[in-house]
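Under this note's numbering, the first residue of the sequence shown is numbered 30, with each subsequent residue one higher.
Worksheet for the structure shown next.
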Amino acid sequence: MRKLLPIMMSTALAIFSLGAQAQDAADEDVGSDLGSDLGSIGAGLDATATDTGIKGSLKDVTQGGKAVPNATIMYVGSGEDNSGEVMSDPNGEFEITPLVPGEYSLKVVAEGYRDREDIIRTVIAGQLTPVEVKMREKTTLLRFASRFGWVGIPLLLCSIAAVTFIIERIFTYAKLNSGTEALLHRVDEALEHDDVNEAQQACDEVGTPIANVLKSGLTRYSSGLVRNEPPTKSEIQEMMQEGAARELPEFENNLTWLSMIAVVSPLFGLLGTVLGMIRAFTVIALEGTNDPNRLADGISIALYTTAAGLSIAAPALVFYAIFENIVNKNTLRIEDAASNLANKLTASDAAAS
């Protein structure tokens with residue numbers, strides 16, 4: 030037993046030393062594994078930081094629209110120094126990284142396209158937030174005119190004619206009515222002094238329709254005096270009625286055309302509406318509803334032509350009513366002035382006799 034004791038102790042010491050060495054090796058392995066795991070986690074965190082942002086594309090709004098290259102995408106975040114801008118590539122794609130998580134507002138500006146503003150996206154950590162922006166081309170005058178189709182030609186002619194006639198009538202009425210009050214006052218004063226020649230001269234100087242009507246009555250009266258045959262009131266009025274028949278058409282000139290434009294323009298707009306709906310339903314019949322843009326194109330033509338026809342007809346009708354009122358007022362004024370002149374001329378003859 031005494032001989033075995035030293036052997037057992039030495040064996041135990043050997044086993045203990047082997048266990049300690051194995052534990053140290055295990056600790057080293059765990060430490061190395063932990064270090065490698067932490068390193069991989071750190072690498073993952075770095076990758077997450079660069080992958081936080083917005084990834085998007087720009088396309089034309091039409092069906093299967095083309096990419097919009099070289100556009101400027103401006104972004105603004107909630108924090109300080111959290112804004113900037115990028116450009117889209119030839120494929121219309123763009124990427125904004127890295128970004129601080131939060132809410133961002135985007136604005137897209139591209140040559141030949143309408144600006145897109147207030148595109149709001151929320152960026153989440155470790156994710157690329159997708160966004161697809163539809164861009165619509167700017168409406169040029171030629172593009173706008175093409176939406177009307179061939180119906181736009183008569184609508185354009187109607188609009189030009191309506192504006193021309195309205196402007197012409199405004200200047201004409203302003204000229205025809207100028208100096209009327211002064212003329213009537215001057216004629217009254219001349220007749221009070223029995224000076225028919227002065228009254229005729231006043232009418233010659235003004236030269237408006239009402240002046241020409243009064244002049245015809247004065248001429249008939251003066252010619253009767255020369256023959257020593259003073260005309261009656263009915264003869265003077267008859268002469269002035271003939272003068273009014275010659276002068277009043279000047280007030281009504283072009284009003285017939287203006288009224289016709291007010292009637293025809295909505296009909297052309299209605300024709301464009303019918304043609305646009307035919308195009309829209311033809312698209313549905315041939316392709317179903319798979320191409321909404323072509324369908325919308327037909328409907329837009331219908332709406333554009335209707336709006337254009339009404340936009341032309343409404344002002345034309347309003348000005349026609351205004352001009353008709355002016356014609357009626359001037360007709361009554363001429364009749365009143367002619368009646369007063371006939372009364373004064375015959376009254377002076379009656380007083381003289």
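For glycine and all other residues, C-beta sits at the position ideal for the given N, C-alpha and C.
Asked, Found
"Whole angstroms are fine: how far does the CA of Asn359 sit from the CA of Ala291?", "23 Å"
"First and last residue of the alpha helix (DSSP H) that includes Arg215?", "Thr209 to Glu221"
"Would DSSP call Thr261 helix, strand or coil?", "coil"
"Look at the alpha carbon of Asn99 and the alpha carbon of Val152, and state the distance between them as a whole number of angstroms.", "24 Å"
"Does DSSP classify Ile153 as helix, strand or coil?", "coil"
"Determine, using beta carbons only, whether Leu304 and Val180 come nearer to each other than 8 Å.", "yes"
"According to DSSP, is Leu87 part of a helix, a strand, or is it coil?", "strand"
"For Gly94, which option in Leu339, Gly121, Ile189 and Ile328 has the closest C-alpha, if you only look at C-alpha atoms?", "Gly121"
"Using DSSP's beta-bridge definition, name the partner residues of Val347.", "In DSSP, Val347 forms no bridge with anything."
"Specify the secondary structure class of Phe123 as computed by DSSP and reduced to three states.", "strand"
"Would you mind listing the alpha helix (DSSP H) stretches within the stretch 231-278 that are 4+ residues and don't spill past its ends, in chain order?", "238-255"
"Since Arg198 and Asn283 should fall inside the 8 Å C-beta cutoff, what is the C-beta to C-beta distance between them, to a whole number of angstroms?", "6 Å"
"Taking 6 Å as the limit between beta carbons, can you name the residues of its chain near Gly68, skipping five residues before and five after?", "Residue placement at Gly68 cannot be trusted, given a pLDDT of 39 that sits under 50; what the coordinates show is reported in the next sentence. Contacts found: none."
"For Ser69, name the three-state secondary structure that DSSP assigns.", "The predicted model places Ser69 with a pLDDT of 39, which falls under 50 and marks its position as unreliable; any figure quoted below should be read in that light. Looking at Ser69 - three-state DSSP - the assignment turns out to be helix."
"In this structure, how does DSSP classify Val129 when only helix, strand and coil are distinguished?", "coil"
"Is there contact between the stretch 120-138 and the stretch 201-209, where contact requires at least three CB pairs shorter than 8 Å?", "no"
"Compute the Euclidean distance between the alpha carbons of Leu171 and Ala309, then round it to the nearest angstrom.", "22 Å"
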